[in-house]
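For the sequence shown, the working numbering assigns the number 2 to the initial residue and increments by one for each residue that follows.
Glycine residues also receive a C-beta, built at the ideal position from the N, C-alpha and C atoms.
For reference, the structure discussed in these notes is given below.
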Amino acid sequence: MQKSCSRCSKAAQYSINVIVSTLGISRRLQQSSPALLLCDACIQKENDRVHASALRKLVNNAYTTLKERFQERSIAEDASRG
């Protein structure tokens, strides 16, 4: 099934996803963002601010979800020790 561009609704050729991972802890946590679908024309457009804003939102959402998961895991581990 053909997917549509997130910007112009034409057929999308590219998918941008952000993956945020924890480092330096055992049982690494990862969170992936939803895909930002773009057609060839929109990915090449001069409007970098729009793309940067959309990417910033993807990163922030993935980070926030990962941070919440990390905090929940820390609380659960503290509770099991205590």
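- Inter-residue distance for Leu59 and Leu39 is about 14 Å (C-alpha atoms, whole angstroms).
- In this model, Gln45 and Cys9 are separated by some 13 Å (Cα to Cα).
- Looking at the backbone, the Cα of Ala80 and that of Leu37 are separated by about 38 Å.
- Residue range Asp41 to Gln45 is occupied by the alpha helix (DSSP H) that includes Gln45.
- At the C-beta level, Leu67 and Leu30 come within 8 Å of one another.
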